[in-house]
Structure formats: C-alpha cells, structure tokens
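First comes the structure, then the notes that go with it.
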Amino acid sequence: MNRYFDYAATHPMTHAALDHYVAMAKNVYGNPSSLHTQGYMAEDYLTEARRLIKQALGLDMLRGKLLFTGSGSESNYIALTSLRKRMKGKEVITSWHEHDSVALLLEEWEREGIIVHRLKLKDGKFDLDAFTHLLDRDIGLVTLQHVNSDTGWVLPLHHIQCLLKYKKILFHVDGVQALGKIPISVEGIDAYSFSAHKVGGPKGVGALYMERLIPPPYYPGHHQYGIRPGTIDVPGISAFAKALGERQEQLTRFQRNFMAFRAILKEKTSAHVHWLEFDEQSPAIFSFVSHQRDGQWWMTELDDLGFQVSAGSACRAGQNGPNRMLEALGYETSACHGLVRISFGAYTTAEDTSALADAIVILARRVEHHEQTFSR
Numbered sequence: 031m032n033r034y035f036d037y038a039a040t041h042p043m044t045h046a047a048l049d050h051y052v053a054m055a056k057n058v059y060g061n062p063s064s065l066h067t068q069g070y071m072a073e074d075y076l077t078e079a080r081r082l083i084k085q086a087l088g089l090d091m092l093r094g095k096l097l098f099t100g101s102g103s104e105s106n107y108i109a110l111t112s113l114r115k116r117m118k119g120k121e122v123i124t125s126w127h128e129h130d131s132v133a134l135l136l137e138e139w140e141r142e143g144i145i146v147h148r149l150k151l152k153d154g155k156f157d158l159d160a161f162t163h164l165l166d167r168d169i170g171l172v173t174l175q176h177v178n179s180d181t182g183w184v185l186p187l188h189h190i191q192c193l194l195k196y197k198k199i200l201f202h203v204d205g206v207q208a209l210g211k212i213p214i215s216v217e218g219i220d221a222y223s224f225s226a227h228k229v230g231g232p233k234g235v236g237a238l239y240m241e242r243l244i245p246p247p248y249y250p251g252h253h254q255y256g257i258r259p260g261t262i263d264v265p266g267i268s269a270f271a272k273a274l275g276e277r278q279e280q281l282t283r284f285q286r287n288f289m290a291f292r293a294i295l296k297e298k299t300s301a302h303v304h305w306l307e308f309d310e311q312s313p314a315i316f317s318f319v320s321h322q323r324d325g326q327w328w329m330t331e332l333d334d335l336g337f338q339v340s341a342g343s344a345c346r347a348g349q350n351g352p353n354r355m356l357e358a359l360g361y362e363t364s365a366c367h368g369l370v371r372i373s374f375g376a377y378t379t380a381e382d383t384s385a386l387a388d389a390i391v392i393l394a395r396r397v398e399h400h401e402q403t404f405s406r
C-alpha cells in the first residue's frame, strides 16, 4: 500500500478539479481570442477564473493584473526578468534559501554585473536588522520566498511590506508554497508567483499577480497584455480556480488537520529524529534532520516501506549538494545532507500519518543499532 506525503512537490488533482477539467476540455475548447461562440465562451470562463483566483488573494477584479504561465518557475522567471528592466537601483536583496528558479537566475545576473545580497537566518528568523541596513544601499529589487519549500518556514511578509512601503524598490515574492496553505496579502508587492498543481489543480498552469503591467520578457505579442505569447489553457486555468476555491473554503479545516498530523509525528518519533520547528511555519510541511543518514537514504527506505516523502524540493532531486536552508540555519555540513521533508494535502489521513511515524521509528532504530554495533 502506497501512502503519499510529498504534496509540497505536487498535489494530485482534486476530484472536483479533475471532473471540471474533463468537462471543460470536452465542451469549452475554443481559443479565448477567437471572435465566435466558442471563443466567447472560453473568454467568459477565463474571466471567471481570474475573478476566483483574485478573490483568493483578497483582491477585486479592478486591482492588479493576473498573468497565466506554464508553471510557478516560469512565473518567477517572468517576474524577475521583467522587473529587472524597471529597476532603479543596481543591487538585489534575496536569501540563501530560495528556489532554484530564483537562485540560479540571480547567479546569472551576478555574472552580468548585478550585485546580489543574500541574507541568512538569525536564530531561525529572518534578519530584519540586516535587511533594513541593506536598504540604505542602491537596491532596485527584493525577491524572497514566502514559504520555504524544504521546511515550511514563513517569511515575515508584513514587516518587509512595511519597510518597503515608501521605498522605490521593486518587490517580488515566490508564493508557490504559500497559496492555499496560509493566508496571503499582496499589499505592496509588485509581483507574486504561484502554481496550480500545489493546491490540487493541473500541472502546466502557473500564475503571476502583477500590481501593474510589467515589460515582456519574451518578444512582444498579442496574448495576455503582450507579456506572454501563446494560446491560453482555459480548461487548465478554470480547473486551477476550482481547486483553489475548494482549498480556500476549507483552509481552516486543512490547517487544523495538518497540525494534528504534525502532533502525531512528534509524539511518536521525537526520541529518534529532530524536527524543524519555527515561530512562523506552514502547517503543510514538516521536516526532520538526520545526522547519521542523508535524506536520499531515508526517502528510498521509506519508499520501500510504502511511504512517499522527499529529501527537499523536487527541482533538486538527485543532487548531492548540501541543503541551502539548513546551511542558512547554521547546521554542520553532515546534517545539511540529512533533510527529510514530509508534506500534507487534502487526502492525508491520521491513520496514514501514524503508520508513517511507526516506519520512521523502525528505520531510526535500525540506524541506531548499526551505529552502536560499529562503534564498539
């Protein structure tokens, strides 16, 4: 029996979203740019999807623009590449623990002469003092992850929004792991990225909230405000809105359930593994650190026992480098390879979570026995 605990990598489509997608694909197949009945129908569904997604962000239809993309990673790329063209300053603030779609792009910018300041955590918290000090420099852009994809650590977004309120500094937030997991406010944010498949929508659909229109990163076109060329996937976007609507309606219940699942794991396993906990943390992600075995070992062994977890962000799967978030937290090198991420979703149950906890204890005891045997 397989039990899935890798919802932070991808969430299976919800039953309602899948049914909606199939019905849309069968019946609403027109191009929303076409000037005929099918085209108008597709445009109507697209407009309604925009309304529902904006509603989830606490916005009305008149506030900002919503751009649809192919993924959260593409949303990050479009946001950063476009905002760079509007930067007043020549320096960027980010953190050491960003998603690769941001981190690797900023490394390329550095090779092109942009100065990038990467903040580390201080005692497990965002270093607001260091951030405030950097604002005195020639900063043109701040780009930060709202919820860390490896640990669930939550950025103190409100404090940063307040600090940037009267600055002429652009602000991008990677909200891929935040949408549908914690409450969101995009007040004072120039661009906010998110993705459908993290909340039970289809893969291949991302979105980018823009406070105002941004320059196109590709060649100028006629679709989506001239920013992103290509025919829009109306069934996928509509299914995204459906899944997100479900999620928002049940957000309080999901959060309560996820906290209960975390309590089960802690109660049954804390004598054997070290769980990462923060003052502000998404309830949907719970990770532990192993000093004796790396995350890949745990992932493989748990998979053999019927449990799917991960060793961090799926974009870095198979890579042997240390985990950037653990480095930012100050863990020693050996532990920086030992992250195990467990993430919850709509179909997680207390029974499955309890069984996972038992499996973790079995493996931990096996490791402890091995260490004791070879230390004699």
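For the sequence shown, position 225 matches number 255 in my numbering, and the numbering has no gaps at all. Every residue gets a Cβ at the ideal spot worked out from N, C-alpha and C, and that includes glycine. What you are looking at is a predicted structure, and each value in this text was computed from that prediction instead of being measured.
Do the region 100-114 and the region 71-89 touch if we need at least three Cβ pairs shorter than 8 Å? no
Thinking C-beta only, is Ile257 closer than 8 Å to Leu97? yes
For Trp126, name the three-state secondary structure that DSSP assigns. coil
Given a cut-off of 8 Å, decide if Ile244 and Leu76 are closer than it, judged by their beta-carbon atoms. no
How should Lys195 be labelled, buried or exposed, when 16 other C-beta atoms within 10 angstroms of its C-beta is the threshold for buried? exposed
Between Ile315, Phe270 and Ala271, which lies nearest to Asn287 when the distance is taken from Cα to Cα? Looking at the Cα atoms, Ile315 is the closest of the given residues.
Met54 (DSSP reduced to helix, strand or coil): helix
Candidates Ser223, Gln207, Pro313 and Gly69: closest to Ala293 by CA position: Closest option to Ala293, judged by alpha-carbon separation, among Ser223, Gln207, Pro313 and Gly69: Pro313.
Could you please give the first and the last residue of the uninterrupted beta strand (DSSP E) stretch that includes Tyr239? Gly236 to Met240
So who's on the other strand from Thr173, going by DSSP bridges? His202
Label Tyr249 either buried or exposed according to how many other C-beta atoms from any shown protein chain fall within 10 Å of its C-beta, with 16 as the threshold for buried. exposed
First and last residue of the beta strand (DSSP E) that includes Ser101? From DSSP, Ser101 is part of no beta strand (DSSP E); its letter is neither H nor E.
What's the call for Glu276, buried or exposed, on a 16-neighbour Cβ count within 10 Å? buried
Check the DSSP bridge columns for Asp36 and list the partner residues they point to. In DSSP, Asp36 forms a bridge with Ser373.
Where DSSP assigns a beta bridge to Trp183, which residues make up the other side? Listed as beta-bridge partners of Trp183 by DSSP are Gln311.
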